Structures are given as C-alpha cells and as structure tokens.
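For reference, the structure is listed below as structure tokens.
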Amino acid sequence: MDNKKIDSKKRHLSPEKQQMYYKQLNYPRSWKNFDRPSATVSITVNKLFTKYYELIIDNDNYKLPLCDNMFIEEPWEINDLKLIKKNLNEMKSRLNDYNLMEWQYHTRKRNQAGDVQWRLRRDISPEFLTQAWCKFYENVSSFPLVPDVSISNEKFKSLHLCEAPGAFIASLNHWLKLNSPNIKWNWIGTTLNPHYEGNSLSTMIKDDRFILHTMNNWYFGVDNTGDLMKLNNLDGLIERVGDDVMLVTADGSINCMDSPDEQELVVSHLHYCETIAALNILNIGGSYLLKLFTIFEHQTICLIYLLSCTFKRIIFNKPVTSKEGNSEIYLICLDFKGQNFISLYINKLRYYYEKQSKFTMFRLQDIPNSFLQQLIQISEFFKSHQCEVISNNIRTFKTNDNDWEIKKIRRSVADNFIRIYKLNKLDNEKQIIGNNVAQSHCETLDSKFSHESYNNRKKKEYISPIQRLTIISEELHSIITSDEIQFNYQFTDKLEDIKITLGLSYEIIQSSRFCITKLLKAFNSTFEIQKELSIVIDYPFIEQTNKYIEENKNDDTKFLLFQYTTMANNNLIIKNLYDTLKTLKKNNELILIGYSLLSQFNVGLLYLLAHTFDNIIMKTNDYLGCIIKLSNFNNNEYIIDYFKIIFDTSNSIEQNKQTILSVVPIKELCDCKMYHSLMQINHWIIKKFIEHNLIHAKKLY
Numbered sequence: 012m013d014n015k016k017i018d019s020k021k022r023h024l025s026p027e028k029q030q031m032y033y034k035q036l037n038y039p040r041s042w043k044n045f046d047r048p049s050a051t052v053s054i055t056v057n058k059l060f061t062k063y064y065e066l067i068i069d070n071d072n073y074k075l076p077l078c079d080n081m082f083i084e085e086p087w088e089i090n091d092l093k094l095i096k097k098n099l100n101e102m103k104s105r106l107n108d109y110n111l112m113e114w115q116y117h118t119r120k121r122n123q124a125g126d127v128q129w130r131l132r133r134d135i136s137p138e139f140l141t142q143a144w145c146k147f148y149e150n151v152s153s154f155p156l157v158p159d160v161s162i163s164n165e166k167f168k169s170l171h172l173c174e175a176p177g178a179f180i181a182s183l184n185h186w187l188k189l190n191s192p193n194i195k196w197n198w199i200g201t202t203l204n205p206h207y208e209g210n211s212l213s214t215m216i217k218d219d220r221f222i223l224h225t226m227n228n229w230y231f232g233v234d235n236t237g238d239l240m241k242l243n244n245l246d247g248l249i250e251r252v253g254d255d256v257m258l259v260t261a262d263g264s265i266n267c268m269d270s271p272d273e274q275e276l277v278v279s280h281l282h283y284c285e286t287i288a289a290l291n292i293l294n295i296g297g298s299y300l301l302k303l304f305t306i307f308e309h310q311t312i313c314l315i316y317l318l319s320c321t322f323k324r325i326i327f328n329k330p331v332t333s334k335e336g337n338s339e340i341y342l343i344c345l346d347f348k349g350q351n352f353i354s355l356y357i358n359k360l361r362y363y364y365e366k367q368s369k370f371t372m373f374r375l376q377d378i379p380n381s382f383l384q385q386l387i388q389i390s391e392f393f394k395s396h397q398c399e400v401i402s403n404n405i406r407t408f409k410t411n412d413n414d415w416e417i418k419k420i421r422r423s424v425a426d427n428f429i430r431i432y433k434l435n436k437l438d439n440e441k442q443i444i445g446n447n448v449a450q451s452h453c454e455t456l457d458s459k460f461s462h463e464s465y466n467n468r469k470k471k472e473y474i475s476p477i478q479r480l481t482i483i484s485e486e487l488h489s490i491i492t493s494d495e496i497q498f499n500y501q502f503t504d505k506l507e508d509i510k511i512t513l514g515l516s517y518e519i520i521q522s523s524r525f526c527i528t529k530l531l532k533a534f535n536s537t538f539e540i541q542k543e544l545s546i547v548i549d550y551p552f553i554e555q556t557n558k559y560i561e562e563n564k565n566d567d568t569k570f571l572l573f574q575y576t577t578m579a580n581n582n583l584i585i586k587n588l589y590d591t592l593k594t595l596k597k598n599n600e601l602i603l604i605g606y607s608l609l610s611q612f613n614v615g616l617l618y619l620l621a622h623t624f625d626n627i628i629m630k631t632n633d634y635l636g637c638i639i640k641l642s643n644f645n646n647n648e649y650i651i652d653y654f655k656i657i658f659d660t661s662n663s664i665e666q667n668k669q670t671i672l673s674v675v676p677i678k679e680l681c682d683c684k685m686y687h688s689l690m691q692i693n694h695w696i697i698k699k700f701i702e703h704n705l706i707h708a709k710k711l712y
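Take a look at the structure:
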C-alpha cells in the first residue's frame with residue numbers, strides 16, 4: 012500500500028489508534044521503525060548465522076585402519092541415518108507437482124538472506140558477485156581457511172576444484188585484500204572446460220566471463236576436458252600446482268533434477284575424487300573446503316571419517332546465504348596433518364579414483380561409534396532446518412503470510428552480513444580483473460534448468476518420438492529469429508593471437524560457445540529422434556544445393572559442401588579446406604554451404620579464412636542453411652602457412668585419440684565483430700532444421 016494513502020487515512024486518529032491501525036495492516040509505522048528488528052527477528056537472524064556443528068575428534072580412537080582392511084566390506088547402512096533420509100525425502104516429495112519456475116519465485120521471495128546480494132552490490136560492489144561469492148565469504152570469514160602461518164609469512168597458494176564460474180576466487184581475493192593486504196597470493200582454478208565441446212551441457216556451468224580474462228590461472232587437464240575424475244588429469248594437476256598449497260576448495264556438484272531423492276549418491280564419487288585430489292596436493296597445516304549435501308550413505312560417512320583422521324578440526328557449516336530449502340552444507344577441514352601422515356594410503360585411494368569400488372572404503376567395525384553418533388546428530392540438525400523451511404514455504408505458497416516479518420528478517424540479515432564480516436569496498440585495481448567481467452562481449456549461455464515440475468518431466472519420458480519433436484518445436488517459438496539473415500564483414504587487421512590447442516577427440520558437439528544451451532539441446536535431441544524413427548534428412552537439401560551451384564558456378568568460384576550435424580570430424584574438415592585453399596588463385600571466390608558454426612574449431616578456421624579474403628558474406632536460406640561467400644582471395648601467405656601447420660598437426664595426432672580443439676583462442680573469437688552474427692545464424696539454422704524434421708516426420712507417420 013502507498014505511504015501517502017496510509018498517511019491520509021490516519022491523520023484524524025489518536026496516536027494509540029494510529030498504532031492499532033498500522034498493526035492491523037501489518038505495516039510498519041515508518042521505515043525507521045522497520046529497521047529496528049524485534050526480539051523475535053533478532054533470534055531468527057542469530058540462528059541463521061549459527062547453523063554449524065564442529066565435530067569432536069577423539070585423537071585416541073579416530074585412526075585409519077590398515078590398508079589391507081580398506082575396500083573389502085560390502086556396503087552397510089546406519090538405520091538412524093536411513094530413517095532421517097526417509098523423512099527428508101518424504102518432505103521433498105511434496106514438491107513434485109509444483110511448477111519449478113513458480114516455486115523458485117516463491118522461495119526466492121521468502122529467502123531470509125534474499126537481500127544480501129543486492130545490498131552488497133549497492134554498498135560494496137564486489138567483483139563477480141554471486142551466491143557462491145557470498146557463501147565462500149561467510150566460510151572464510153567465520154573459520155581460518157587461510158591458515159595463520161600463511162598470513163604471518165605473507166605468502167599463500169590456493170587451488171580451486173570444480174570452480175566455474177570463479178566466484179570463490181573473486182571472493183577470496185576480496186577477503187585477502189581487506190584482511191591481509193600484503194600477502195602474496197598465487198591461485199589455480201580447475202573445472203570442466205566450458206570451451207570443450209565434448210562436455211555435456213548438463214555437467215557444466217557455461218558462464219565463462221571470469222575464466223576468459225584469467226586463462227593463465229586455469230588448468231583443464233592433459234586432455235583439455237577439465238574432467239577432474241580422470242587420473243591422468245589429476246597427475247597433471249599435481250605437477251602444475253607444485254608445492255606449498257595451503258587451501259583447496261571443492262565446490263563440485265552434478266545435476267540431480269531427475270533423481271532428487273538420491274542426490275548424495277549421484278555426487279558421491281565426485282566428492283571422493285575432489286578429496287583424494289586435495290590429499291595429494293595440500294601442504295601440512297593446510298585447509299580443505301568441500302561442498303556436501305546429506306550424510307546418509309556409507310560413501311560419505313567413510314569420506315568424512317577419512318578427513319577426520321587426516322585433519323585436526325572438522326566443521327559442518329550451512330552459510331546463511333546458502334538456499335535454506337536445499338541440502339547443501341560445507342565441510343571445513345583445518346590443519347592438515349601432511350603428506351607423510353597419509354602416504355601409506357595414497358596408492359590405495361588412487362586405485363579407486365576413476366572407477367568407484369563396489370565395496371565400502373572402511374569396515375563398519377573400524378569406525379568408532381562416537382563418530383557415527385555425531386554424524387546422526389549432525390544429519391538430524393540440518394534435516395530439521397531444511398524440513399522446517401520446506402514446510403513453511405509449502406504453507407505460504409499462494410499467500411502473503413508473514414510478508415513483513417520476512418522483509419524485516421531479510422533486511423536484518425543483510426545488515427548483519429556486512430557488519431559481522433566487516434565488508435568494505437575494494438578499489439578497482441585491487442580486484443582480479445575489475446570491470447572486464449561486466450564488459451565482456453560474450454553471452455552467458457547457462458540455461459540447464461527445467462521449469463517444469465518433477466512429475467511432468469517424468470511423464471515426458473513415455474511419450475512418442477513425434478510428440479517429443481512437436482514439443483521441442485513449440486518450445487523454441489519463444490526464441491526470436493529473423494525471417495532471413497545476412498551479414499557482411501571485412502577483416503583487414505593482422506592476426507597476432509593464434510594458437511593450436513589439442514585435446515581429447517569427441518564425436519558429438521554437446522556444448523557450444525556459439526549457441527544458447529536450449530537450442531543446442533533441442534538440436535541434439537532431434538538427431539536422437541531421427542534415429543528412433545529411422546528417418547534421415549540431408550540439410551542442406553541436396554536438390555536445392557545442386558540447383559544453387561548450377562546457377563552460381565563460374566571459373567573463379569569454388570564450392571565446398573557440408574552437412575549440418577552434431578558429429579564432429581575436425582581432421583576431415585581441415586583436410587577439405589586446406590586442399591581447396593591450395594587450388595585457389597588470386598581474386599577467386601570460395602562458397603561454403605552447410606558449414607557448421609557450432610565449434611570453436613570451425614569458427615576459428617572461418618576466422619582465419621576471412622583474413623585471406625577481402626570480404627565475407629553470410630546469408631541464410633530455407634533449404635541450404637547458411638551460405639558463406641568468401642570473395643577476392645588475396646593469398647595471404649601468413650594464413651596459408653598457418654593452415655599448413657594445422658593440417659600437419661591434424662595428421663600427426665589422428666591415431667592417438669586427440670584432435671585439434673581450437674586454432675584461435677576462444678576469447679579472440681568471442682570478442683571478434685562477427686560473434687553475435689554467428690550466434691544468430693546458428694539459432695536460425697537449428698530452428699529451421701527442427702521445423703523441416705517435424706514436417707517430414709508427420710508426413711511419414
């Protein structure tokens with residue numbers, strides 16, 4: 012209700028009646044009074060900032076068993092934990108019919124820490140502010156994740172596992188600049204490579220704005236996938252980071268939308284790999300921060316026991332800025348006992364690094380009962396908080412119950428966050444990349460979450476292929492594309508920043524920096540439906556392609572023909588392009604039909620080609636997709652020589668499961684003037700391809 016309207020209504024009332032009037036409206040007398048939290052609000056806020064539990068470690072009894080007694084016992088269960096899991100899943104199952112978008116809107120509105128981010132953005136302006144930024148800042152401010160010895164020595168090295176998009180790193184920088192400004196800090200990040208097209212959409216965070224500007228600090232493994240769960244990538248990481256690492260953070264997760272009741276099991280082996288990596292890398296006295304979910308399964312229990320024996324302090328923390336209704340908690344492990352302490356066990360632990368053992372890490376008899384009893388208490392503690400929040404959110408769905416109370420709490424939480432953690436603004440030069448994140452030309456393509464209810468998603472698993480194709484086509488209507496697209500560019504600058512990057516070969520383009528996630532997922536699904544229906548559509552259409560060539564052929568024009576597909580064959584593409592380039596004469600024209608613009612390899616080659624022709628025109632066509640005309644070949648020897656190097660490299664690696672991933676750094680491609688044009692063309696081609704498939708499938712079935 013508008014303040015002025017309220018004031019006009021209450022002017023004639025006595026002070027006592029005015030107070031009663033505001034009480035009936037559930038509206039604060041003034042925003043000044045609104046800022047004063049009541050005793051109830053203060054108690055609630057204090058509880059939000061104290062959702063942690065420190066494990067009492069019994070040094071006499073908490074000991075690792077003999078190596079021979081590890082990974083030999085069948086999986087076991089703890090009945091009390093099994094019951095807590097059952098109760099939690101029963102509560103979570105009540106959400107199965109809620110539309111995800113509506114539910115997320117409701118829970119965001121009732122999130123008691125919901126004002127923290129906008130207050131930080133307004134008053135502090137942190138670099139790369141996200142919810143992860145806030146959660147890490149809480150953890151590092153509340154517990155000595157940066158060891159005292161590093162602060163006193165003014166030298167600190169950290170490693171950040173599964174770190175995309177990089178908010179932990181930006182948050183740590185902010186904390187260090189405020190609390191230990193003279194420290195010399197060296198950091199390395201690793202994550203699933205957001206530019207490796209063989210990584211599936213569901214496993215990656217696609218926001219690469221921070222990564223693009225700090226590429227020298229990132230390591231994506233010997234195969235450039237960034238997959239930490241491969242042993243050769245772990246060994247490469249150990250070599251890359253070297254000694255003296257005093258903090259390892261592990262913020263990894265796996266999309267569990269289709270199995271929310273088994274989130275812990277789905278992510279358990281990732282947590283194992285993160286932990287073994289930390290134990291292989293950390294220096295004595297170092298800290299380890301691990302994102303966990305629930306603590307019900309033997310895999311998690313054993314992992315925590317392993318850490319309880321190798322670190323001197325273990326704390327479970329639910330940051331106030333962690334979403335209240337989820338199971339996320341952070342395990343804070345302090346004062347590592349060192350490589351010598353764990354050396355006898357490392358080889359045994361590494362043996363099960365890539366392939367999870369079917370046996371449990373520790374026999375139940377080797378884990379002290381006092382440890383198990385503490386885990387039961389911890390699980391009940393966090394489960395109770397989570398269930399209370401979910402229950403309250405269900406109760407208030409479609410209502411405005413306690414709206415003003417929530418607003419008071421949100422404001423008080425934001426005030427306390429800034430005050431407790433002593434947050435202040437950083438000068439731009441003290442940030443890692445400053446304003447470059449906001450100024451990035453690249454699109455943020457992360458859109459992997461469905462807005463449907465869980466039950467509706469499950470129902471779709473049983474519909475026919477044509478029904479699925481129809482739904483895919485209908486869902487893409489909201490993505491606006493022009494009826495026809497044409498772009499014209501000239502590249503006269505000399506290319507300086509070119510580099511061949513090798514990596515693990517892949518068959519299917521599962522992610523792309525040149526297409527929004529939703530469309531690429533639809534494109535791949537369409538090929539799967541084609542296979543189910545045993546239909547094949549050549550796109551570009553062969554008849555129309557032949558007609559176009561016949562109408563445009565002359566002695567000065569060369570044609571190269573391709574088919575749109577998600578299958579990658581980088582070696583064949585470079586061979587065709589290089590062989591054609593060798594036949595071109597000055598001022599010739601090269602026309603590419605059906606040339607895919609989804610991979611950084613293909614886009615990089617086109618970018619190189621554009622620098623050895625005077626002009627490039629890209630034009631869409633209903634039946635041909637995109638026609639790319641490269642006019643007036645200028646025989647740029649520098650570019651032609653580089654094509655020869657690419658061709659020779661491609662031939663030399665073809666037999667060892669490697670491929671050329673890129674020939675121009677991804678940042679150069681994302682910053683080039685035709686980047687947005689390529690995005691539009693890909694969106695247009697995919698929508699048109701799906702339309703043709705739907706029409707063809709309906710004719711046949």
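Sequence positions in the sequence shown follow my numbering and run 12 to 712. Cβ atoms here follow ideal geometry from the backbone N, Cα and C, with glycine treated the same way. Here the structure is a predicted model, which means the values were calculated and not measured.
Asked: Candidates GLU275, MET257, VAL256, LEU258, of which the one nearest ILE265 by Cα; Found: GLU275
Asked: Buried versus exposed, by CB contacts within 10 Å (16 or more), LYS433; Found: exposed
Asked: Residue closest to LEU711, alpha-carbon to alpha-carbon, out of SER522, MET215, GLN541; Found: GLN541
Asked: CB contact flag (LEU293, VAL256, <7 Å); Found: yes
Asked: Residues near PHE392 in its chain [Cβ-Cβ closer than 7 Å; skip 5 each side]; Found: TYR64
Asked: CA-to-CA distance, LEU635 to SER475, given in whole angstroms; Found: 29 Å
Asked: The segment 171-189 / the segment 212-230 touching (three or more Cβ pairs under 8 Å); Found: yes
Asked: Cβ pair GLU208, SER522 closer than 7 Å; Found: yes
Asked: Environment of TYR473 [buried if 16+ CB atoms lie within 10 Å]; Found: exposed
Asked: Residues bridged to SER169 (per DSSP); Found: TRP198, LEU258
Asked: Outcome for PHE700 when other beta-carbon atoms lying within 10 angstroms are tallied against a minimum of 16; Found: buried
Asked: contact_flag[the segment 122-137, the segment 420-437] where n(CB pairs < 8 Å) is 3 or more; Found: yes
Asked: Helix, strand or coil at ARG374 [DSSP, three-state]; Found: coil
Asked: Per DSSP, the bridge partner or partners of LYS668; Found: LYS668 pairs with nothing; no bridge assigned.
Asked: Endpoints, the beta strand (DSSP E) within which SER298 is located; Found: 293-303
Asked: For ILE692, the three-state DSSP class (helix, strand or coil); Found: helix
Asked: Beta-carbon separation (whole angstroms), TYR283 vs PHE82, contact threshold 8 Å; Found: Rounded, the Cβ-Cβ distance is 12 Å, inconsistent with contact.
Asked: Test item: CB-CB of ILE353 and THR55 under 7 Å; Found: no
Asked: Proximity to LEU342 [Cα-Cα], best of THR631, ARG251, ILE656, THR305; Found: THR305
Asked: Alpha-carbon spacing of ASP590 relative to LYS684, whole angstroms; Found: 28 Å
Asked: Bounding residues of the beta strand (DSSP E) (the contiguous stretch that carries LYS720); Found: The shown model of the chain, from 12 to 712, leaves out residue 720, and the question about it has no answer.
Asked: Cβ neighbour criterion (16 or more within 10 Å) applied to ILE706; Found: exposed
Asked: As assigned by DSSP and simplified to three states, the class of CYS637; Found: strand
Asked: Distance between GLY263 and LEU172 (C-alpha atoms, nearest Å); Found: 7 Å
Asked: Contact under 7 Å by Cβ, ILE496 with ILE692; Found: yes
Asked: Start and end residues, beta strand (DSSP E) containing GLU84; Found: 81-84
Asked: Close-in-space but distant-in-sequence residues of the same chain around TYR299 (CB under 6 Å, 5 per side omitted); Found: VAL259, ALA289, CYS344
Asked: Burial state of GLN35, where buried means 16 or more other Cβ atoms lie within 10 Å; Found: Any reading at GLN35 is ruled out, since the residue's pLDDT is 43, under 50, leaving its predicted position unreliable.
Asked: Counted within 10 angstroms of its Cβ, other Cβ atoms place ILE67 as buried (16 or more) or exposed; Found: exposed
Asked: Beta carbon of ASN404 nearer than 7 Å to that of ARG121; Found: yes
Asked: Cβ neighbour criterion (16 or more within 10 Å) applied to ILE519; Found: exposed
Asked: Own chain, CB closer than 8 Å to LYS569, minus 5 neighbours either side, in chain order; Found: THR591, THR594, LEU595, ASN599, GLU600, LEU601, ILE602
Asked: Other residues of its chain near PRO26: CB distance less than 8 Å, five sequence neighbours each side excluded; Found: With a pLDDT of 46 at PRO26, under the threshold of 50, the predicted position of this residue should be treated as unreliable, though the coordinate-derived value follows. Nothing meets the Cβ criterion.
Asked: GLN310 to ILE546 span [Cα, whole Å]; Found: 45 Å
Asked: Burial state of THR118, where buried means 16 or more other Cβ atoms lie within 10 Å; Found: buried
Asked: Beta-carbon contacts of SER270 that lie in its chain and below 7 Å, excluding the five residues immediately before and after; Found: VAL277
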